[in-house]
Amino acid sequence: MFNLRKLNFFTLALAAVLLFSFSVSSKSLNKASISKRQESAHVGESQESESDSLNCSASGITDYSIHFQLISFFVIMFAGGIGAFIPVIGYRFRSFRLPTNLIEIMKFFGIGIILSTAIIHIYPPANDYLNDPCVGNLLGNYEGWPGVIFMLAVFFMHASEYILTAKLVNKNEADTGYAVKPAQHSEDVENFAVHTSHTHVHGASIGGGISKNALSTYLLELCVAMHSITVGLTMGLTPKDETLVLCIAVSFHQLFEGFAIGDRLSRLNENIDQQIQPPNNELQNFSSTTSKKTSVKSMFLGALLYMFATPLGHAIGMALHSAFSYKSPSYLITLGVLEALSAGILVYVALVNLMAEEFSSFRFRNNSKAIQISSFIAMYFGAAVMALIGKWA
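All the letters of the sequence shown, read from the start, carry residue numbers -26 to -1, 1 to 367 under mature numbering (1 follows the signal peptide of the UniProt record, and there is no 0).
Here is the structure:
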């Protein structure tokens, strides 16, 4: 009987506790649901107000100064020209040529600039353009488009380089009548290394025209030129109070980036200079001289293209500043795709065609330890300089 009463007591107590906890939890749920409804209503109102305030067809820029824009136009063009032409003029005129060790170190400084430019200056704007609220549902509200386009550019570069390299090898075999075969015995390794080295030097062109080094340089020039046009367009659409700071930042940006481009352009003749010419072969000597003249022209044309790329975009921005719809979805998507493609190509060129090849070359390994260490430091410093400039430009 006692156990039955005790059991009934515990049952009633448990029921009371459950009833109390249920009532408390129901009140909490009611409060939570009410607050959630209020919060969602608040978010909806804020989104409505944001959508009301967001005008994707807005055009024109207030507080604009043509005077400041013209000054920045010539300053930026002058800075880019200095950076691009110093290495090219140094190659063409020996009296202006810098010491060999300094050129070697500055080459790696330029590599750091190119890599940092792609990651700090090109990819983030692509992300901003393609994820702008004005783009909206046009891209399916997918935030990963910049990364997808970046990867496609890298895969395109890899596939293109593989195909071009295969053509290069096939052309060399057709020209020389020899095919590169793997060494069968250990004593053949040395001969195999010499032969493949010889093949690399003489087979460095495709279709009698473009070398692998020149191809990567032209792609680098094209991507940087596209980026420079967008930088100039942004500069030409800048309000008066931001023009001076942005002009200084873009000028340094163009100066250092121009030096990196000029350095690559000045190396267009590397394969020609390294070719082994037969002593009395006048036809090959004439062909080499003609190729050198063509490369010098390409150097100056490439430097001019870089020098005028940013001013071109700048002029377009100044001409359209009063009527330009800088929030237009088509404008944002176009710039975003171009910037993402440029970033992918530049990163591939910097990592594969520049860093991997330069640091693994026998020429670099034969340098003194001081030059090697200085080259590493110069590359890191170049990347750091462009990363710092990225705070303003």
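Note that beta-carbon positions come from the ideal geometry of N, C-alpha and C, so glycine has one too.
Between Pro285 and Phe47, the gap from beta carbon to beta carbon is short of 7 angstroms. In the three-state scheme derived from DSSP, where H, G and I count as helix and E and B as strand, Pro120 is classed as helix. Contact annotation: the segment 227 to 242 touches the segment 85 to 105, with at least three C-beta pairs closer than 8 angstroms. When C-beta atoms of the segment 318 to 331 are compared with those of the segment 108 to 118, fewer than three pairs fall below 8 angstroms, so the two segments do not count as touching. Listed in chain order, the non-local C-beta contacts of Ala289 below 8 angstroms within the same chain comprise Phe47, Gly206, Gly210, local neighbours out to five positions each way being set aside.
When only Cα atoms are considered, Ile45 and Ala223 end up about 14 angstroms apart. Ranked by Cα distance from Arg238, the options Thr208, Ala188, Ala199 are led by Ala188. Cβ-Cβ distances below 7 angstroms link Leu193 to Ile319, Val323 in the same chain, with the five nearest sequence neighbours on each side left out; the list follows chain order. Assignment of Arg68 by DSSP, reduced to helix, strand and coil, places it in the helix class. Between the segment 120 to 135 and the segment 328 to 335, the count of Cβ pairs shorter than 8 angstroms is below three; the stretches do not touch. In the same chain as Asn75, and ignoring 5 residues on each side of it, the C-beta atoms closer than 7 angstroms to its own belong to Ile345, in chain order. Taking a 10 Å sphere around the C-beta of Phe70, we find fewer than 16 other C-beta atoms and assign the residue as exposed. Rounded to whole angstroms, the separation of the alpha carbons of Glu135 and Glu313 is 21 angstroms. Counting other Cβ atoms within 10 Å of its Cβ, Leu306 reaches 16 or more and is therefore classed as buried. Comparing alpha carbon positions, the residue from Phe67, Met360, Val49, Glu78 closest to Arg339 is Glu78. Nearest neighbour of Met360 by Cα position, chosen from Gly291, Phe298, Ser272, Gly86, turns out to be Gly86.
In the three-state reduction of the DSSP assignment, Asn327 falls in the helix class, which pools H, G and I. The three-state reading of DSSP puts Asn341 in coil, since its state is none of H, G, I, E or B.
Taking a contact as a CB-CB distance under 8 angstroms, the pair Ile203 and Gly287 counts as one, their CB atoms being some 4 angstroms apart.
Contact annotation: Met200 and Ser302 have beta-carbon atoms that are not nearer than 7 angstroms. Between the alpha carbons of Ala283 and Ile137 lies a gap of roughly 30 angstroms. Judged by DSSP in its simplified three-state form, Asn105 adopts coil rather than helix or strand. By the criterion of a C-beta distance shorter than 7 angstroms, Met281 is surrounded in its chain by Met51, Gly54, Gly55, Ala58, once the five residues flanking it on both sides are discounted. The three-state reading of DSSP puts Ala297 in coil, since its state is none of H, G, I, E or B.
A distance below 7 angstroms between beta-carbons, with the five flanking residues on each side excluded, links Arg66 to the following residues of its chain, in chain order: Val270.
When DSSP states are grouped into helix, strand and coil, Lys365 belongs to the coil group. Between the alpha carbons of Val311 and Phe42 lies a gap of roughly 30 angstroms.
Take the alpha-carbon of Gly84 and the one of Ser39: they are about 34 angstroms apart. Rounded to whole angstroms, the separation of the alpha carbons of Ser296 and Ile35 is 6 angstroms. Under the DSSP assignment, Asn29 falls outside any alpha helix (DSSP H); it carries neither an H nor an E label. Beyond the five residues adjoining it in sequence on each side, Ile60 comes within less than 7 angstroms, by CB distance, of Phe233, Gly236 in the same chain, given in chain order. Distances from the CA of Gly276 to each of Tyr97, Ser304, Leu242, Ala127 were compared; the closest alpha carbon is that of Leu242. Close CB contacts of Thr191 within its chain, under the 8 angstroms cut and outside five residues either way in sequence, are with Arg238, Leu239, Arg241, Leu242, Gly276 (chain order). Beta-carbon to beta-carbon, Ser31 and Ser299 are separated by about 6 angstroms, close enough to satisfy the 8 angstroms threshold. Ile96 and Leu126 have their C-alpha atoms some 16 angstroms from each other. In this structure, Phe82 places its C-beta atom within 7 angstroms of the C-beta atom of Ala352.
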